[in-house]
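Asks: Throughout the sequence shown, residue numbering follows this note's numbering, covering 293 to 572 in sequence.
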Amino acid sequence: MKKLGLWLFILIMFAGCSTKVGYYFLDWAIEWKLEEYVTLNDEQQQLFEVALDEFLVWHRAQELRRYQAQLSQLLAEFNHQSFTLQSWNDHVVSAKSHWTRVFDFVEPSIVPIISSLSDEQVEQIIAQLRVEEKELNKKYLGKDQAALVQMADERIEKRIKKWMGKLTPTQKSAIHEYNTARSDTLDMWLEYRHDWIRLFSQALKNRRNQVALSHSLTLLMTQPETVKSKAYKAVLDNNSKMFGELIIKLEALASTKQKQRFNKKLNTLITEITEISQED
293 MKKLGLWLFI LIMFAGCSTK VGYYFLDWAI EWKLEEYVTL NDEQQQLFEV
343 ALDEFLVWHR AQELRRYQAQ LSQLLAEFNH QSFTLQSWND HVVSAKSHWT
393 RVFDFVEPSI VPIISSLSDE QVEQIIAQLR VEEKELNKKY LGKDQAALVQ
443 MADERIEKRI KKWMGKLTPT QKSAIHEYNT ARSDTLDMWL EYRHDWIRLF
493 SQALKNRRNQ VALSHSLTLL MTQPETVKSK AYKAVLDNNS KMFGELIIKL
543 EALASTKQKQ RFNKKLNTLI TEITEISQED
């Protein structure tokens with residue numbers, strides 16, 4: 293994971309697909325994940341815990357209502373069979389705005405903490421990022437296109453199955469056709485990750501200048517397209533459009549039982565998010 297504020301991304305993940313229990317243990321999960329990257333000293337840990345507590349209070353009171361509204365809209369679009377490519381694009385934009393608001397809220401708190409990191413702590417973070425980079429290279433590089441497509445098929449099938457249940461051969465075929473037709477981005481993705489880590493490492497090494505640090509983090513965390521090549525961005529946009537078309541096709545191919553499962557799971561998630569946001 294490329295972000296030092298990894299705990300923030302975990303929050304988005306939990307809020308989007310977890311249960312009330314998962315949300316209540318979010319502070320523990322965030323701290324546990326952060327510890328994979330850096331060991332804070334006592335003063336930094338105290339600042340971090342204050343920032344985390346403030347963040348969770350704000351997120352529960354403000355952001356969960358936005359998630360609930362977006363998920364309710366998504367459910368209505370599927371139930372009324374009005375989910376379109378424009379709907380898909382709108383939801384993608386909304387998801388990005390959720391992350392941007394999260395970063396904007398925590399940025400004033402995390403910049404002083406990052407600025408206070410020692411050289412040893414910075415090296416610890418960079419070393420972990422490099423380990424993850426090597427693991428990704430090992431996982432993907434050297435595989436032929438057929439193997440990569442099979443991995444992508446299994447990954448998407450697993451995610452869709454969680455919401456719809458067992459997929460039909462026709463639905464699996466639609467997923468395979470998407471993964472076969474979409475543009476290969478592996479090399480560009482790995483190159484982008486490498487450049488991102490390099491720029492992030494530079495920001496950490498120049499961390500004493502908090503103004504410059506804030507600027508660099510804002511670009512890297514909320515405007516990653518600034519690191520991507522024009523060719524990579526064009527391919528990503530086209531692949532995103534194709535994925536939206538896949539979602540529309542899978543919805544059209546869904547059985548009554550699959551639609552009922554999707555409705556039940558999404559309604560449960562909406563209810564849980566609403567209940568959490570209303571609690572003191």
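C-beta: ideal position from N, C-alpha, C; glycine also.
If you drop the 5 nearest sequence neighbours on each side, which residues of the same chain put their C-beta closer than 8 Å to that of Phe375?
Replies: Residue numbering aside, residue 375 sits at position 83 when the sequence shown is read from its first letter. Leu366, Glu369, Ile539, Ile540 and Glu543, listed in sequence order.
Asks: Alpha carbon to alpha carbon, what distance is there between Ala438 and Ala466?
Replies: Counting from one through the sequence shown, the residue named residue 466 turns up at place 174. Counting from one through the sequence shown, the residue named residue 438 turns up at place 146. Roughly 16 Å separates the two Cα atoms.
Asks: Nearest to Leu512 by CA position, among Val527, Asn501, Thr563 and Leu496, is which residue?
Replies: As a working mapping, residue 512 is identified with position 220 in the sequence shown. Selected option, being the one with the closest Cα: Leu496.
Asks: Nearest to Ala546 by CA position, among Lys458, Ser532 and Glu346, is which residue?
Replies: Walking along the sequence shown from the start, residue 546 turns up at place 254. Answer by Cα proximity: Lys458.
Asks: Counting only beta-carbon atoms, is Ala523 nearer than 8 Å to chain C?
Replies: The question asks about chain C, but that chain is absent: this structure has only one protein chain.
Asks: When the Cα atoms are used, what is the spatial distance from Ile562 to Asn555?
Replies: To locate residue 562, count along the sequence shown from 1; it is residue 270. To locate residue 555, count along the sequence shown from 1; it is residue 263. Ile562 and Asn555: Cα-Cα distance of roughly 10 Å.
Asks: Could you pull the start and end residues of the alpha helix (DSSP H) that Thr563 belongs to?
Replies: The sequence position of residue 563 within the sequence shown is 271, counting from 1. First-last of the alpha helix (DSSP H) with Thr563: Thr548 to Gln570.
Asks: Evaluate the contact criterion for the region 410-426 versus the region 519-530: three or more CB pairs, one atom per stretch, below 8 Å.
Replies: Verdict: no, contact absent.
Asks: Terminal residues of the continuous alpha helix (DSSP H) containing Tyr619?
Replies: No answer is possible for residue 619: it lies beyond the span of the chain, which begins at 293 and ends at 572.
Asks: Of all the options His468, Trp455, Thr462 and Ala419, which has the alpha carbon lying nearest to the alpha carbon of Met443?
Replies: Residue mapping note: residue 443 aligns to position 151 of the sequence shown, counting from 1. Nearest of His468, Trp455, Thr462 and Ala419 to Met443, Cα basis: His468.
Asks: Identify whether Leu459 lies in helix, strand or coil by the three-state DSSP scheme.
Replies: Your numbering for residue 459 matches position 167 in the sequence shown. Correct three-state label for Leu459: coil.
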